[in-house]
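Presented below is the structure to which this report refers.
Protein chains in written order, with the working numbering: chain L, 1 to 271; chain H, 272 to 835.
This is the structure:
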């Protein structure tokens with residue numbers, strides 16, 4: 001197992017897609033130290049920026065101890081292994097990841113798990129904007145795998161989701177699940193405006209307050225329980241909304257009935 | 272005096288009838304000459320290499336408003352293709368809509384030296400020329416969109432062809448353009464009101480004329496002005512199943528205009544205009560019907576618009592067609608109405624082998640190119656970036672020259688498309704000589720560029736040298752080797768200077784911008800009435816409208832004497 005400790009506070013973004021178990025596999029500490037990274041517009045070696053140590057423990061494969069909030073693209077495209085970050089993580093963490101596990105004992109920055117295909121990301125803190133959302137302009141959203149956030153998530157999270165599960169134990173900012181076509185998003189607390197805008201499929205479940213429901217969703221029924229994935233079922237009751245009708249969508253939006261008494265006078269008469 | 276001698280190459284120069292002969296090419300001051308001083312001249316040893324004239328692309332969207340808007344809406348297209356700067360070349364981004372410098376470098380690496388930007392909204396002419404100025408290593412020209420331009424429609428409505436001709440001559444000078452481009456004639460004007468035309472005899476709203484009258488009228492105007500290229504036409508109903516009927520109607524309508532045996536019209540990206548069937552479900556190839564007509568008539572030229580299976584961006588002045596694509600894909604899109612001139616639309620597109628429609632489209636392009644017997648009529652393009660990015664041309668070269676290559680791709684296509692494809696029955700494989708026609712000689716001839724596309728004395732010294740030994744390498748069998756060779760020219764020589772060596776840019780040269788200075792007997796007067804119309808209908812004043820000479824960095828005006 002490799003332990004990386006930042007040698008200083010980075011003033012400029014560090015692009016370190018080489019911090020990846022697949023890349024470190026079979027390399028000596030000296031070889032790892034000579035991997036190329038960019039700091040701002042300067043090319044450097046990983047060893048110039050991090051103290052690199054090897055420990056005998058088997059897992060996790062890579063540990064970063066300290067603030068890595070300026071270290072971007074860690075675990076990009078990783079297929080196997082495990083990364084633990086004891087501190088805050090930088091942008092594009094686990095982008096296009098295809099397997100393995102990343103644990104962040106701190107906060108995650110934007111685009112964490114962007115377009116991921118498989119694997120698990122656990123964030124024991126807050127996640128910033130664009131969680132699991134593809135790069136700007138792209139519609140190739142997350143296809144599979146699982147992201148669990150203990151805190152809150154920023155805006156535009158889970159956009160273009162095509163599969164997989166996102167579990168948020170805190171609140172979600174606006175545009176959660178914009179234009180998703182499949183997959184599941186579960187928010188344990190409140191969700192802000194434009195929830196599920198333009199969704200054409202998939203499932204969004206909100207146990208807390210849904211701040212401002214889009215008028216392009218129609219109420220369908222009330223359900224007592226919703227299945228999130230094989231290991232998790234959530235108790236309701238939930239209003240089931242279908243939409244987004246502006247996109248002729250067939251997505252399902254589950255909003256807690258007990259947390260949202262304001263919806264009763266509007267929708268109950270259509271049930 | 273800069274002299275150069277390209278020694279001992281296998282020369283393919285179809286315009287001069289040279290088919291793979293071993294000979295030397297002499298260059299002095301950027302022109303091909305009879306001979307040079309053998310001692311002083313810089314020598315390029317082309318022993319065992321194929322020497323061709325610099326390639327010419329008759330239709331490629333590389334500059335202008337729609338290209339730039341395409342760049343803006345596709346950050347995800349650029350991130351996968353980032354080009355770093357070198358000591359000599361500039362940085363940029365690529366893939367389906369490369370930045371200007373990267374466009375020039377990539378064309379040059381494939382041995383291209385002349386490229387034509389086929390759609391320039393007159394209102395965006397200044398912008399287009401600013402972008403063209405920044406595309407290095409290639410000569411370029413632009414075709415203004417005239418088919419739905421209000422003044423032209425008014426002249427045609429009145430039946431005043433001479434007035435129309437003088438107006439078009441003025442337009443060429445005002446926009447620094449090269450040929451008359453017509454896109455979905457009448458359809459774009461209708462699109463301003465949310466409509467479209469569906470046959471060449473539909474009425475255009477507010478003008479009471481038909482697409483037939485626009486196309487034939489402008490084809491006649493083109494002849495009156497003696498323009499070097501014919502009209503450049505994107506047909507009505509493009510990209511809609513069953514549209515081959517409209518295409519045939521258009522070609523038949525133009526028979527009456529052709530009198531002297533010269534082509535009167537170039538139908539561009541013909542693949543998109545050759546769909547049979549009446550829905551996407553039963554859409555099939557009409558290449559057989561179309562190529563039969565082409566083989567029996569000589570008044571038209573065409574280019575392929577060959578599909579490449581990749582992620583690309585479609586962009587055309589055909590606004591209603593882009594709206595159709597949006598309805599099919601639901602992807603992000605841009606659509607615009609360019610005041611009184613034209614319209615425009617952009618939408619990203621991913622052509623997939625596993626889609627029956629896309630795979631059939633791929634097959635149609637190749638069927639057309641192979642079933643049309645005369646290579647001087649059918650040229651190689653992808654309608655960059657509509658059917659695929661231009662730097663994938665080596666793939667098309669492989670498909671055209673090697674049955675093995677195209678069968679390998681067909682095998683991976685959708686089963687339904689495989690069953691319907693005519694490709695298994697086509698044995699033809701283009702030779703290097705024919706390839707030189709469809710990639711340079713034919714295109715230069717159709718464009719009327721007298722100094723391009725050949726290596727005769729007096730031609731521009733634009734030469735492409737490829738690492739292919741026609742005596743040793745059978746490109747039909749070793750298509751992958753050929754593909755690499757055509758993608759990375761051993762040498763590209765532009766105006767007598769080596770700009771690319773072994774697929775790497777080694778020198779920066781600014782390309783010329785070619786435009787037409789058409790001399791009519793009576794010049795059009797920009798009178799008060801015309802200025803009033805500008806004030807009333809345009810967002811810019813007339814005085815800010817024309818492309819002045821200083822806008823064009825390296826201008827090359829071709830003076831044409833018109834017969835009106």
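Ideal Cβ positions, reconstructed from N, Cα and C, are used throughout, including at glycine.
Residue environment, residue 550 of chain H, which counts as buried when at least 16 other CB atoms sit within 10 Å | exposed
Is the Cβ-Cβ distance between residue 416 of chain H and residue 392 of chain H less than 8 Å?
-> yes
Verify whether the separation of the beta carbon atoms of residue 388 of chain H and residue 333 of chain H is less than 8 Å.
-> yes
Within-8 Å CB hit, residue 135 of chain L to chain H = yes
In the DSSP assignment, find the unbroken beta strand (DSSP E) run with residue 105 of chain L in it and report its ends.
-> It is not in any beta strand (DSSP E) - residue 105 of chain L carries neither H nor E in the DSSP assignment.
Cβ neighbour criterion (16 or more within 10 Å) applied to residue 534 of chain H = buried
Is it right to say residue 171 of chain L is buried, meaning 16 or more other beta carbons lie within 10 angstroms of its own, or is it exposed?
-> buried
The beta strand (DSSP E) spanning residue 178 of chain L covers which residue range?
-> Per DSSP, residue 178 of chain L belongs to no beta strand (DSSP E) and is neither H nor E.
What residue range is occupied by the uninterrupted beta strand (DSSP E) comprising residue 43 of chain L?
-> 42-45
Chain B beta carbons: is any one of them nearer than 8 Å to that of residue 346 of chain H?
-> Reference to chain B is not applicable here, since the protein chains of this structure are L and H.
Would residue 354 of chain H pass as a contact of residue 373 of chain H if the rule is Cβ separation under 8 Å?
-> yes
With a cut-off of 8 Å, do at least 3 Cβ pairs link the segment 580-588 of chain H to the segment 646-664 of chain H?
-> yes
Cβ-based contacts, 9 Å cut-off: residues of the segment 109-143 of chain L near chain H | 134, 135, 136, 137, 138, 139, 140
Cβ neighbour criterion (16 or more within 10 Å) applied to residue 738 of chain H = buried
C-beta atoms of residue 182 of chain L and residue 157 of chain L nearer than 8 Å | no
In angstroms, rounded to a whole number, what distance separates the CA positions of residue 708 of chain H and residue 133 of chain L?
-> 48 Å
Three-state secondary structure (DSSP) at residue 229 of chain H?
-> No answer is possible for residue 229 of chain H: it lies beyond the span of chain H, which begins at 272 and ends at 835.
Under 9 Å from the C-beta of residue 350 of chain H: neighbouring residues of chain L | 135, 136, 137, 138
Looking only at its own chain, which residues have a Cβ that is under 8 Å from the Cβ of residue 673 of chain H, when we skip the five neighbours before and after it?
-> 700, 746, 747, 748, 750, 753
Which runs of the alpha helix (DSSP H) fall wholly inside the segment 731-776 of chain H and span at least 4 residues, in chain order?
-> 750-758
Other residues of its chain near residue 167 of chain L: CB distance less than 6 Å, five sequence neighbours each side excluded = 148, 186
Span separating the alpha-carbon of residue 818 of chain H from that of residue 443 of chain H = 10 Å
Beta-carbon spacing of residue 438 of chain H, residue 449 of chain H below 8 Å | no
Given residue 436 of chain H, which residues of its chain have a CB within under 8 Å of its CB, disregarding the five upstream and five downstream residues?
-> 492, 495, 496, 791, 833, 835
Contact belief for residue 591 of chain H with residue 458 of chain H at Cβ below 8 Å, rounded distance in angstroms | 6 Å
DSSP on residue 281 of chain L, reduced to helix/strand/coil?
-> Examination of residue 281 of chain L is not possible in this model, given that chain L is present from 1 through 271 alone.
Write down the C-beta distance between residue 263 of chain L and residue 216 of chain L rounded to the nearest angstrom, noting that I regard them as a contact closer than 8 Å.
-> About 15 Å separates the two Cβ atoms, so there is no contact after all.
Element boundaries [alpha helix (DSSP H), containing residue 401 of chain H] = 396-404
Going along the chain, which residues of its own chain have a beta-carbon closer than 6 Å to the beta-carbon of residue 641 of chain H, five neighbours each way excluded?
-> 697, 699
Mind checking which residues open and close the alpha helix (DSSP H) that includes residue 344 of chain H?
-> 336-344
Backbone CA spacing between residue 527 of chain H and residue 613 of chain H [nearest angstrom] = 27 Å
Is residue 119 of chain L buried or exposed, if buried means 16 or more other CB atoms sit within 10 Å of its CB?
-> buried
So, residue 40 of chain L versus residue 346 of chain H, is the Cβ gap smaller than 8 Å?
-> no
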